[in-house]
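Quick mapping for you: the protein sequence lines, in order, are chains A and F.
Using the numbering used here, the first residue of the first sequence is number 14, and each one after it goes up by one.
Using the numbering used here, the first residue of the second sequence is number -17, and each one after it goes up by one.
A virtual CB, placed ideally from N, CA and C, is assigned to each residue, including glycine.
This one's a predicted model, so the numbers in the text were calculated from it and none came from an experiment.
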Amino acid sequence: MSEIPGDLKFLKSHEWARVEDDGLVRVGISDHAQGQLGDLVYVELPEIGASVQAGHGVAVVESVKAASDIYSPVSGEIVAVNENLNDKPETINEDAFGDGWIFLVRASDRGELDEMLDADAYAELIENEDH
Amino acid sequence: MTEKTVLNDTHRALGARMVDFGGWDMPINYGSQIEEHHAVRRDAGMFDVSHMTVVDLHGARTREFLRHLLANSVDKLKVQGKALYSCMLNEQGGVIDDLIVYFLGEEFFRLVVNAATREKDLQWIEKQAKAFDVEVKERPEFAMIAVQGPHARDKVIGLLAEVDHERIKKLGKFAAAAAQGPHGIPLFVARTGYTGEDGFEIIVPQEHAVALWQALAAAGVAPAGLGARDTLRLEAGMNLYGQDMDETVSPWEANLGWTIALDEGRDFIGRKVLEAQKAAGVKRVMVGLVLDEKGVLRHGQPVLTANGAGEILSGSFAPTLNKAVAFARIPAGEPGDVRVDIRGKEVPVRVVKYPFVRDGKPCEGI
């Protein structure tokens, strides 16, 4: 299991969010989540320009085993998606916290991020899940 | 209480992700399910299938009993060691289980049945066996390892006692024989499988299973989990009990007509209903589907046809084809343009004849 980067925040449903220098919020799923899902074979990305609400499903990742909804941690507008995942969904398996990001949101209320877990709290959550 | 096979610690030591499978704690993968799938298609992989139930039948009237119990005809088994795939039906013609029966002697046959149906199978078999004075003996002291892939047979044969090499090399498809493994381990080697590849399923006394597994690993056979086993058998067009058929489904509706022997004068359980269904024509059929667009076909998704809706039975991403395939049960008749409802979106699919993959290669038209 790779280290959990300290600058990320997490939902209990295993999405991560990172506030970029330009204030946009990048979203992906955790390394723990990709491990649970197994080999990813398809990612259904949101439309650029779509408006999203915190806690609502905006993307779907499918592994050989199952399909999972990906929730947006913040409300706002989708400004970019990781097109690379169309051809290489396994990028999420290989680099969940980096090249395997899924979408980028212009948040309407970044205060919503405060409700997320920090890296330590998330580490504790998955620790308890494993036992 | 979750049951464990004798190889449980071995799987955990290999870092396997374990899941509950029909009450058994089994490895779903050891890292990448897709790589395990490819290992079996291209080289050799092994599966712990010790959760499956081995049942030995003894008695002078065993063959007569099996003529009554099974929808396929054991009279096809003429040479000792030969095996047969069959459904075991209830009086309504529904499938209680699918199984393999081995002919080991005029008074000795062996069944291998599914793990998830173990209890009801044993009850049913015992109940039916009474009238024939056949002894039904479960063999929980056996473990089972399936070694599958284009190089599987060579790798297994290399581990056998020298004296067994030629004989096991010549073992025909769907036949079994006793052989001596590494360190003199007594093995029951069957040229059967559930992957669409050549290979063996090996029954081994529990206390020797770990040694056999290690010897196979040392010979270059890759451990593969139940996840890969599922995508391999789906590509190979093989049904999974509980998903593709059950007691509410007749073999005609599960593409298992080829396993029904309506031979003269044999009164097997379910026969009358099957004959009536055949005469009347079945209302539902099982077909293969291919999704050429991106996405994954999954169990339970609605299938829309010109004659009404059906549903996906087994469905998955198929690693050999790099797209999704499925079995579906749909209304009989020309289906027209077929679509699958994936999360509210209607996606076009192709209806195809399966298997989808045989001997490592996509079949024609897939």
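- Neighbours of Ile16/F across chain A, judged by C-beta separation under 9 Å: Gly51, Asp52, Val54, Val77 and Glu103.
- The three-state secondary structure of Val(-12)/F, taken from DSSP, is coil.
- Nearest CB-CB separation between Ala63/A and chain F: not below the 8 Å threshold.
- Taken through DSSP and simplified to helix, strand or coil, Gln130/F comes out as strand.
- At a cut-off of 8 Å between C-beta atoms, Ala67/A does not count as an interface residue with respect to chain F.
- One finds Val278 and Arg280 in chain F with Cβ atoms closer than 7 Å to the Cβ of Ala80/A, taken in chain order.
- Glu229/F sits close to Gly76/F, with the two beta carbons spaced by under 8 Å.
- Contact of Thr213/F with chain A is assigned, a C-beta pair being separated by under 8 Å.
- From the listed residues Thr(-8)/F, Val61/F, Met227/F and Ala125/F, the smallest Cα separation to His33/F is found for Ala125/F.
- In terms of beta-carbon proximity, Gly87/F stays away from the interface with chain A, with every pair separated by 8 Å or more.
- In this structure, Ile91/A and Ile42/A do not form a Cβ contact; the two beta carbons are roughly 16 Å apart against a cut-off of 8 Å.
- Beta-bridge partners of Ile312/F (DSSP): Val267/F.
- In the structure shown, the three-state DSSP call for Lys305/F is strand.
- Rounded to the nearest angstrom, the Cβ distance from Phe338/F to Val54/A is 16 Å, too far for a contact under 8 Å.
- For Gln162/F, there is no enclosing alpha helix (DSSP H); the residue is part of the beta strand (DSSP E) that begins and ends at Ala158 to Gln162.
- Listed along chain A, no residue sits closer than 9 Å to Gly326/F by beta-carbon distance, the nearest being about 12 Å off.
- In the assembly as shown, Trp240/F is an exposed residue. Its beta-carbon has fewer than 16 other beta-carbons within 10 Å.
- Against chain A, the CB of Asn96/F has no partner CB under 8 Å away; the residue lies outside that interface.
- Under the DSSP assignment, Arg280/F falls outside any beta strand (DSSP E); it carries neither an H nor an E label.
- With a beta-carbon spacing of about 46 Å, Gly315/F and Val203/F fall beyond the 8 Å limit used to define contacts.
- Phe299/F has a beta carbon lying within less than 8 Å of a beta carbon in chain A.
- Annotation for Phe85/F: the continuous beta strand (DSSP E) segment containing it runs Val77 to Gly87.
- As the crow flies, the alpha-carbon of Arg340/F is around 18 Å from that of Val333/F.
- In the DSSP assignment, Ile184/F falls within the unbroken beta strand (DSSP E) covering Gly181 to Pro187.
- Its chain contains Ile10 and Asn11 as the residues whose beta carbon lies nearer than 6 Å to that of Arg(-1)/F, once the 5 sequence neighbours on both sides are disregarded; these appear in chain order.
- DSSP places His69/A outside both helix and strand once states are collapsed to three, so it counts as coil.
- For Phe47/F, the uninterrupted alpha helix (DSSP H) segment begins and ends at Thr44 to Leu51.
- Near chain A, meaning a CB-to-CB distance below 7 Å, the residues of the stretch -2 to 29 of chain F are Asn11, Ser14, Gln15 and Ile16.
- DSSP, read as helix, strand or coil, puts Arg23/F in helix.
- Between Gly252/F and Leu71/F, the beta carbon gap of about 3 Å places them in contact (Cβ cut-off 8 Å).
- Look at Gly175/F: its C-beta is not under 8 Å from any C-beta on chain A.
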